[in-house]
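Q: I am attaching a structure below and will ask some questions about it afterwards.
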Amino acid sequence: MPVNLTCPSCGNIINQVTRSPQIVVCSACNSTHILNSGRLEDVGKSAILTEYPSIFELYKSYRHKDWKFTPVGRVRYDYGDGFWDEWYVRSDGGKESWVSVDEGEIAIEALAHKNIQVPPFDEINVGGTLMINRIKMTVIEKNSCTMIGAQGELPFKIVPNDTYNYIDLLGPRRVSFTIEYQGDVIDCYKGVWIDPFDITKA
């Protein structure tokens, strides 16, 4: 059930729809808040995201084959040559995951390994291989990115202009992994690239 929260900056009513978001961005004044014991604490402003054509909108329902989901949050990352959006989505059954959109390419992603044991970022090269879940994966991209804005509800605390390193890996049957290097924490996300034309409004 949605929970009504009041923005401490402007008084706007925010409908919390996920179970335990750590960050909530007010759609009215763009203030970023930490959710603490059911109350919002203002921690500053999030950058206003420039709108570009997208098949997704916050709080609208979509379907991919048998999977029905609703985007409830979005983070935008700049990687130098462009940007991509990570949509935080909630399924009808309550499961939460991510949908990545980069220049029309779409992948469904979920955390696969927390603090995965892999070589340091500087020792990995594009074209090289890594074994993930006993699958031989090829490194197709190695880069850094900067968080430039956010909307909605998110499961982690955001820091504007925070930068981290990442590598993208591709394996058989369009299975992909993204490894994120954030300080001493190295997380691995498993994804599957999908056809955008398979996504419809629910």
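Under our numbering, the first residue of the sequence shown carries the number -19, and numbering increases by one thereafter.
For glycine and all other residues, C-beta sits at the position ideal for the given N, C-alpha and C.
The model shown is predicted, which means the values in this text are computed figures rather than measured ones.
So, Val119 versus Gly108, is the Cβ gap smaller than 8 Å?
A: As a working mapping, residue 119 is identified with position 139 in the sequence shown. As a working mapping, residue 108 is identified with position 128 in the sequence shown. The answer is yes: Cβ separation under 8 Å.
Q: DSSP three-state label for Arg114, please.
A: Here residue 114 is taken as the residue at index 134 of the sequence shown, counted from 1. Arg114 falls in the coil class under three-state DSSP.
Q: At which residue ranges does the region 62 to 101 contain complete beta strand (DSSP E) runs of 3 or more residues, listed in the order of the chain?
A: Taken in chain order, the whole beta strand (DSSP E) runs of length 3 or more contained in the region 62 to 101 are 63 to 71, 76 to 82 and 85 to 93.
Q: Enumerate in chain order the residues of its own chain whose CB-to-CB distance from Lys116 is below 6 Å, with the five nearest sequence positions on each side excluded.
A: Taking the first residue of the sequence shown as position 1, residue 116 is located at position 136. Thr109.
Q: Nearest-angstrom Cα distance between Gly84 and Asp164?
A: Here the question's residue 84 lines up with position 104 in the sequence shown. Here the question's residue 164 lines up with position 184 in the sequence shown. Each residue's alpha carbon lies about 32 Å from the other.
Q: Return the residue from the list Ala130, Ser34, Thr158 and Ile(-6) that minimises the CA-CA distance to Phe177.
A: Along the sequence shown, one-based indexing puts residue 177 at 197. Closest option to Phe177, Cα to Cα, is Ser34.
Q: Do Val55 and Tyr39 have their C-beta atoms closer together than 8 Å?
A: Position 75 of the sequence shown, counted from the first residue, corresponds to residue 55. Position 59 of the sequence shown, counted from the first residue, corresponds to residue 39. No.
Q: Give the straight-line distance between the Cα atoms of Met(-19) and Ile(-6), rounded to the nearest whole angstrom.
A: By one-based count along the sequence shown, residue -19 stands at place 1. By one-based count along the sequence shown, residue -6 stands at place 14. Interpretation of Met(-19) is limited by its pLDDT of 48, a score under 50 that renders its predicted location unreliable; no figure is taken from the coordinates.
Q: Got a sec? Which residues, its chain only, sit under 8 Å from Lys48 by beta carbon, not counting five neighbours each side?
A: Along the sequence shown, one-based indexing puts residue 48 at 68. So the qualifying residues of the chain are Ser41, Tyr42, Ser71, Asp72 and Ala182.
Q: If we ignore side chains and look at the alpha-carbon of each, how far apart do Lys137 and Asn105 end up?
A: Here residue 137 is taken as the residue at index 157 of the sequence shown, counted from 1. Here residue 105 is taken as the residue at index 125 of the sequence shown, counted from 1. Using only the alpha carbons, I get a separation of about 30 Å.
Q: Find the nearest neighbour of Ile159 within the set Gly132, Leu134 and Ser124, judged by alpha-carbon distance.
A: Working through the sequence shown from its first residue, we reach residue 159 at position 179. Of Gly132, Leu134 and Ser124, the residue nearest in Cα terms is Ser124.
Q: Would Leu(-15) and Val4 be called neighbours here (beta carbons separated by less than 8 Å)?
A: Sequence index remark: in the sequence shown, residue -15 carries index 5 (1-based). Sequence index remark: in the sequence shown, residue 4 carries index 24 (1-based). Yes; because the gap between Cβ atoms is below 8 Å, this pair is in contact.
Q: Taking Val172 as part of the beta strand (DSSP E), name the residues at either end of that continuous run.
A: Within the sequence shown, residue 172 is the residue found at index 192, counting from 1. That run of the beta strand (DSSP E) goes Val165 to Ile174.
Q: Would DSSP call Glu121 helix, strand or coil?
A: As a position in the sequence shown, residue 121 is number 141, starting the count at 1. Three-state result, Glu121: strand.
Q: Compute the Euclidean distance between the alpha carbons of Ile179 and Cys(-10), then round it to the nearest angstrom.
A: In the sequence shown, counting from the first residue as 1, residue 179 sits at position 199. In the sequence shown, counting from the first residue as 1, residue -10 sits at position 10. Answer to the nearest angstrom: the Cα atoms are 36 Å apart.
Q: When burial is assigned at 16 or more other CB atoms within 10 Å of the CB, is Val79 buried or exposed?
A: Stepping through the sequence shown from its first residue, residue 79 is reached at position 99. The residue is buried, with at least 16 neighbouring Cβ atoms inside 10 Å.
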